[in-house]
Amino acid sequence: MSKHHLGEFEEIVMLTVAILHDEAYGIAIIDEMERRLDRKVSIGALQTVLRRLEKKGHLSSRFGEATHKRGGKRKRYFTLTTYGRKILETTKEQRLGLWNAIPDLDFKNGYAQ
Amino acid sequence: MPNKDNNRPPKWILSFFRWYCRSDYVEDLEGDLRERFARQTGERGVHRAKWLFILDVLRLFRPALIRSFPATLHIFDRAMLQNHFRIGWRNLLKHRSFTLINIGGMTLGMICFILIALYVQYELSYEGHHEKADRIYRVSQIQKGNDFRGSNRFALAPMPLVPALKELFPEVRTATTLETYEALFSLGEQSFYERGLFADEHLFEVFTYPIKEGIGKEALKDPDAIILTESLAKKYFGEASPIGKTLHFENDRTLTVRGVAADAPKNQHFHFDYITSFQNLLWYQADIGRWNSNNYRAYIVLPAGYDYKELEAKFETLDAHAASAYKQYSFQPEFFLQPLKDIHLRSQINFEMTPNSDIRYIYLAAAIAIVILLLASINYMNLASARSAGRSKEVGMRKVLGAKRGQLVNQFMMESILIAFFSFGLAMGFVYLLLPVFNQLIDQEISLGFQGSRAVFGGMLFIALLLGGLSGLYPAVLSSAATPIKALKGGWFKKGKEGVFLRNVLVVGQFTTAIVLAIASVVIYKQLDYIQNKKLGYNRDHLVYVPYRQVDFYERRDAMRAELTKHPEIEKISFASSLPLNTGSQGTVDSWEGNGGKEELWIYRNYIDYDFIDLFEMSLVEGRNYSPEYPTDSTASIILNESAVKALGWESAIGKTFDDKQVIGVVKDFHFQTFDLAIEPMFLALGTKRRSSYGNIVIKTSMKDWDNSLAHIQKTLKAFMPQIPIEHRFMDESYNQMYQFEKKFGEVFTIFTGIALFIACMGLFGLVAHNIVLRTKEIGIRKVLGASIPNIVGLISKGFLRLVLVSAIIAVPIAALGMGRWLQDFAYRIHLDWWIFATMGLLALGIAFLTVSTQTVKAANRNPVDTLREE
């Protein structure tokens, strides 16, 4: 399964793309991440990951509409591929499995009793 | 939109983005960037938005997003590379003198830059080895109204300070009290003074001194324990482990070695060879709980990120504690903090543990380094472009044979980068060889191993490559742009008007700098000469002195004197508490005739004997010297200096009372401190038994048969004071040592001035050569038409000499201003005479003329047939 391993940032980016559904383009993704996670993301870091995920086949992209604000440049919308969705689900299951395996967690003190 | 252009992202950065970005990404990424820019403009204003835009573009410059660059530059074409290399090499060999000057000048500049940069880095590296260096602060104090040597700040702290700090302020994480002190150690027959660190047990929580063997903290709780540094352990016990061995301390007690610490680095503001508990300081018992026991240093550690000014603001409560102990004084201490890393360069207060350096010298050194490198770089570029002027035929030929523009650019760039790289290699080698010499010159121990030296070399390499690239660029672009016919005719390298102006500015800049430096070094030299030869008010020749401490031989002083003077070459002996080198002992007196105890006078004190004034050949303005013929002298008489009499407002002092004693004489003012301090009031009293355990034995000899006299001195002193080491020093040497820093500074400054002037001349030389190449035909035609050799020499020289003259005119006021300020730091200083400026200006002009004429005379002597024949 190590082939499907997702980095933490990659995972977050894919989840955000999934949340935004058909509206996921660069700026919107950054805004969403900043809003939900209170985390500063630079365009450079995000775009590198987006292109990498696209190359791996986790995401696909298409050109969208152009606006005046964008100097007449089109947006590039990203969507999850079926493969990408599968990977996300696998990751989630793995996490849950790990969580469930923890015996009797004391959340207040942060250690198992 | 009213201001349409202003609301757009900067054009240049946008084109940069479009240039590097992958073509299939460029559209949507640019859209994203612009959208973000539009929003930032609305939220934070255009100015900030532009900055953020630039930052965004730079952050997008990542391998994943950059387009792949086709190999347009052919840099890695092996055959071409070999050819370029070979041609470049031949070219260097063909113009040997040019090559020598070019590489030599650059190498010289780099050597200077690297050496000075190493020095600057070293000075900045102070205290860096402590893990908490950024959080350690020294607690010092201001005593308003207590001016001592021109400052009311003291690097001292009382004993109760550290416990009080810990109790009052929870943000003080840990703190330590310490002091360095030279104590007497003996092992068997041998005895030495060794500098030690006397500290409380929290020392290791504040400072980082790794313990190699044995124990650290626990040893500081035990006053009978001592931690030696590795080198001191070796000195006393050789290779064997010293743990458990004993040393005799201050002829009093026995200390057991409990630990061995690594030798402390030299780049910290205090030095020591061993560490022991501060309870071993003689005055420890008396100081417990005393808020005016200013015999210690206090260091605290604050939390990371905490602003120390915040703590300082709360110090009022602390000052209140101290105030009660100062009731009888006219001043009260106020404590303040000094960041540990600032101490070496930014703290010039009283009672520093070792003399600190000054950030101004660091700035000056950095400025000199940059100026020299700049001068060398300008030359390098001028020479490189001048040299390429002679190669237009080669360029033309290459073009005809089908060389592409990129290949030509490549060739020139490669050649000049090669030279730069070669210079760098040479410079590195020389730095390695010269570092010991440089260390000796500046009296430092810089090694190539310390942190930061790598940054210096890396920086230098980067500058070298940049320089090579830049200076190759100019001829590369010029030559490659010319058409083959033009290049073959030799016409592509015309002198453009702007180019000439720029070069003139550079020459003026170079010579202005060189002349300013030259004037400065003459002024520094003259001031130091003045200090060395100024009448001090006493004689310091033929004097030897032996400092001593903690010996009780007051009763045997006469016997010792008698024994010493038995030697025929020993003329006089005197015992004095201080020498007129750096008298530091100062106190207040509030009783004198005409003062009802209301005022007090700060006065330096020196406890002397009957022979002191005679031995130093001081002269008395009025009254008489102490004499054994007057039995009351030892208890009821006192001698003042002129400044004291003046400070008291007396016409004549004889017979008046001062400090409950009668003034019997006034000694002519003599310098008892360095020249940056004015002569202040001082009294000379006869030494008493109570004051006799510290001081100096001063011996006047004829200096003939010195070895013999020295043997006699050592034998005698050993007999009288068997328990202390006898270290004799020469008065004049010690005097010169006080100005050692200034002297070194002057020497170093002169050397670098010479180098700067030399480099400036090389630049001029190169320019003249360049100029002559361009005017070869003109000179030929002039000669044919009957111009004489002096005519032609004058014609070419005139323009250059005018530039040097302009430089001199600019340099004089700058130098006058700068040196005037430097001299202000000295209480006794020379006048800035006009002739210094005139001589240096003329000297620069003379040197420039010589440089220029070596070339012009040669050019003027060439046969016009040779120069005109070529077309």
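Residue numbers (the working numbering), protein chains in the order written: chain A, 123 to 235; chain B, 3 to 873. Even glycine gets a Cβ: it sits at the ideal position worked out from N, Cα and C. Only a predicted model underlies this, so the values are computations on that prediction, with no experimental measurement involved.
- In the three-state reduction of the DSSP assignment, THR210(B) falls in the coil class, being assigned neither a helical nor a strand state.
- At least 7 Å separates the beta-carbon of VAL139(A) from that of VAL171(A).
- For GLY408(B), the closest alpha carbon among the candidates MET562(B), ASP344(B), PHE251(B), ALA478(B) is that of ALA478(B).
- Sequence-distant Cβ neighbours of HIS131(B) in its own chain, meaning closer than 7 Å and more than five residues away, are THR210, PRO267.
- With respect to chain A, the C-beta atom of ARG36(B) has a partner C-beta closer than 7 Å.
- Sequence-distant Cβ neighbours of PRO630(B) in its own chain, meaning closer than 8 Å and more than five residues away, are TYR612.
- Between LEU844(B) and ARG804(B), the alpha-carbon positions lie close to 12 Å from each other.
- Between GLU191(B) and ALA135(B), the alpha-carbon positions lie close to 41 Å from each other.
- The C-alpha of GLY107(B) is placed about 7 Å away from the C-alpha of MET764(B).
- The Cβ of ILE224(A) sits no closer than 7 Å to any Cβ of chain B.
- In this structure, PHE513(B) sits away from VAL814(B), with a CB-CB distance that is not shorter than 7 Å.
- Within the same chain, Cβ atoms closer than 7 Å to the Cβ of PHE194(B) are found at PHE187, PRO727, the five residues on either side in sequence being excluded.
- At the C-beta level, SER654(B) and PRO683(B) stay beyond 7 Å of one another.
- By the Cβ test, the stretch 150-165 of chain B is in contact with the stretch 348-360 of chain B, since at least three Cβ pairs between them sit closer than 8 Å.
- Across the structure, GLY147(B) and ILE641(B) are spaced so that their CA atoms are roughly 26 Å apart.
- Assignment of beta-bridge partners to LEU186(B) by DSSP yields TYR195(B).
- Our two residues, THR755(B) and VAL524(B), have alpha carbons roughly 10 Å apart in a direct line.
- The DSSP-derived three-state label of GLN826(B) is coil.
- Interface annotation, LEU847(B): not in contact with chain A, CB-CB separation never under 7 Å.
- Contact of LEU62(B) with chain A is assigned, a C-beta pair being separated by under 7 Å.
- Short of 7 Å from the beta carbon of ILE681(B), and not among the five residues preceding or following it, lie these beta carbons of its own chain, in chain order: SER645, ASP671, HIS673.
- Restricting attention to LEU480(B), ALA378(B), LYS247(B), GLY431(B), the CA atom closest to the CA of ILE103(B) is found in ALA378(B).
- For ILE134(A), there are no neighbours in chain B by C-beta distance under 9 Å, as the nearest C-beta there is about 18 Å away.
- By the beta-carbon neighbour count (other beta carbons within 10 angstroms, threshold 16), GLY822(B) is exposed.
- Two segments are said to touch when three or more pairs of C-beta atoms, one from each, lie closer than 8 Å; by this definition the stretch 165-182 of chain B touches the stretch 206-224 of chain B.
- Non-local C-beta neighbours of PHE677(B) in its own chain, meaning closer than 7 Å and more than five positions away in sequence, comprise ILE533, PHE828, ALA829, TYR830, ordered along the chain.
- DSSP places GLY586(B) in the coil class of the three-state scheme, outside both helix and strand.
- Proximity of the stretch 300-320 of chain B to the stretch 334-353 of chain B meets the contact definition, three or more beta-carbon pairs being nearer than 8 Å.
- When 7 Å is used as the limit between beta carbons, ALA66(B) is near these residues of chain A: THR170, ARG173, ARG174, in chain order.
- For a Cβ distance threshold of 7 Å, nothing in chain B lies close to GLY179(A): the least Cβ distance comes to about 16 Å.
- For secondary structure counted as the alpha helix (DSSP H) over 4 or more consecutive residues, the stretch 136-180 of chain B holds these complete runs in sequence order: 163-170.
- For the C-beta of ARG198(A), the chain B residues within less than 7 Å are, from N- to C-terminus, ASP30.
- No Cβ of chain A is located within less than 7 Å of the beta carbon of GLY47(B).
- ALA578(B) is bridged by DSSP to ASN698(B).
- LYS197(A) carries a strand assignment under DSSP once its states are collapsed to helix, strand and coil.
- For MET684(B), the enclosing beta strand (DSSP E) stretches over residues 684-688.
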